[in-house]
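Below: one structure, written as structure tokens.
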Amino acid sequence: GVQTCALPIWAAARLRSVEVYGGPVWRARVVRRVAVMAQTSASWAVDGLGPAKVVFLRPCDGVEAVVVIDNVALGPAIGGVRMRSDVTASEVARLARAMTVKSAVVGLPHGGGKSGIVAEPGMAPADHERVIRAFARAIEQLTDYIPGPDMGTTETSMAYVHDEIGRAVGLPGVLGGIPLDELGATGYGVAVCADVLSEAKVLGLGGARVIIQGFGAVGASAARELGQRGATVIAVSDIQGATWNLEGLDIEALLAHKKGGAPIAGFAGGRSVPRDDIVGFDCDIFIPAAQPDVVTTENVGKISARLVLEGANIPITRAAEFELADRGVLCIPDVVANAGGVICAAAEYRGAGRLEAFAEIEEKIRAAMAELLDRTRHGTLTPRAAAEEMATAHLAKAVALRRRF
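For the sequence shown, this note's numbering gives the first residue as 752, with consecutive numbering after it.
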């Protein structure tokens, strides 16, 4: 069963970092002397898969961080570096577990990990570089964790990490990387999921009305890809507001508008509406591509879509997913729907190019979707439960091949 591990966080500033290891008995070990995350306590779920290691750090004065290496049975863990002022250890642990399941479901030779830096993402470029370089030095010895970009960090951030420790994915093209945000790898994977469902006659894309919550790198690329497949994006939102046009938004014009720094709520090709209202607008496909837990039991009843594709990491709570399933709404979980990003990152890590990476996104997500649909065909499993079942089976085979003595 799943247990909860609660670690008291000592207020004494003399502590440098704390490592916590999983197992039958949880142990905490002080490695160096520095203060850890400024929380009264930190908790995360514990089960047979992990987490393997939780490390609290203070990479530089006034900045705290946590790294969760969830599982490495399949290989070194890949996971993004999230920078937000409100990021928590429990959130990072949940994201790391999602990465474990995601990599296993799509057949990558990697485990799952994640890190969080408690800092404002909009800091001055020089300050951002200082913090990221300090964080990189702090994780240098965590060789079973390969960092990548996430909310609040970019390809440039990963260039700083790579410069410091020689280990990162999502690098700028000039360094031989495959800039997944620039190329829209994750949004492309979301569209591949929609392709598979269309071919399976679950929901046709021609004329399908799409609403996207979160018009960042993932949401924008998903909008473009789905538009090319005949769908009509009728509403999108970002942190500032939302725009809506029942006849369909001109995505290229909207992207140009946004690139100029203007808020999307002021887009001339749409009508400005309150940001959170679009969750309840009538549509065929709803794509949450913003922050974690934006759809809960409190607002899930507003969703009228027939299909939900989770473009962000853990955007819908488990209870809300169950409610969608009870209503007959097909919800493809993040561990499949947004796996394009980690597939691209893994391809980059082994030295593949852009064309090979996108071919792998297509191949691996199609295979995962086919198995997912097969496992859910008789209605006994939710899509997330089916994905977790797939991952557990894959991980069990890998564990059986690892040294046990």
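Yeah, the Cβ is synthetic: ideal placement off N, Cα and C, and Gly gets one too.
In this structure, VAL941 sits away from ASN1064, with a CB-CB distance that is not shorter than 9 angstroms.
Unbroken beta strand (DSSP E) stretches of 3 residues or longer found wholly inside the segment 1055-1094: 1058-1060 and 1081-1083, given in chain order. DSSP places LEU1124 inside the alpha helix (DSSP H), whose first and last residues are 1105-1127. Look at ALA803 here: in three-state DSSP terms it is coil, with no helix or strand label. Sequence-distant Cβ neighbours of CYS1095 in its own chain, meaning closer than 7 angstroms and more than five residues away, are ILE929, LEU931, ALA936, ALA1108 and ILE1112. Close CB contacts of ARG881 within its chain, under the 8 angstroms cut and outside five residues either way in sequence, are with CYS811 (chain order). For PRO876, the uninterrupted alpha helix (DSSP H) run begins and ends at 876-889, by DSSP.
Nearest to ARG833 by alpha-carbon distance, out of PHE886, ALA877 and VAL823, is PHE886. Here DSSP, grouped into helix, strand and coil, assigns GLU1139 to helix. Between the segment 888-895 and the segment 801-817 there are three or more inter-stretch CB-CB distances shorter than 8 angstroms, so the stretches are counted as touching. If you compare the alpha carbons of VAL838, GLY830, VAL857 and PRO827 with that of ARG1117, the shortest gap goes to VAL857.
ARG1126 and ALA1136 have their C-alpha atoms spaced approximately 10 angstroms apart. Counting along the chain, the unbroken alpha helix (DSSP H) around ARG975 starts and ends at 968-979. When C-beta atoms of the segment 967-982 are compared with those of the segment 1042-1053, fewer than three pairs fall below 8 angstroms, so the two segments do not count as touching.
Across the structure, ALA828 and GLU998 are spaced so that their CA atoms are roughly 44 angstroms apart. For SER794, the three-state secondary structure derived from DSSP is strand. Nearest to GLU1140 by C-alpha distance, out of GLU1122, THR1068 and VAL1150, is GLU1122. Minimum Cα-Cα distance from LYS952 among the listed residues ARG1022, ARG1057, VAL920 and ILE1002 corresponds to ARG1057. In this structure, ARG848 is the residue among SER854, ARG848, LEU1132 and ALA824 with its C-alpha nearest to the C-alpha of VAL818.
Inclusion of ASP895 and GLY864 in the CB contact set at 9 angstroms is warranted, their separation being smaller than that value. Given a length threshold of 4 residues, each whole run of the alpha helix (DSSP H) inside the segment 918-952 is given here in chain order: 931-934 and 936-950. Between the segment 1034-1049 and the segment 1009-1022 there are fewer than three inter-stretch CB-CB distances shorter than 8 angstroms, so the stretches are not counted as touching. The C-alpha of ALA844 lies about 15 angstroms from the C-alpha of ASP1085.
In the DSSP assignment, ALA844 falls within the unbroken alpha helix (DSSP H) covering 840-856. Unbroken beta strand (DSSP E) stretches of 3 residues or longer found wholly inside the segment 980-1032: 983-988, 993-995 and 1022-1024, given in chain order. Cβ neighbours of HIS861 within its own chain (closer than 7 angstroms, five residues either side excluded): LEU825, GLY826, PRO827, ALA828, ILE829, SER854 and ALA1097. Across the structure, THR1133 and PRO1066 are spaced so that their CA atoms are roughly 16 angstroms apart.
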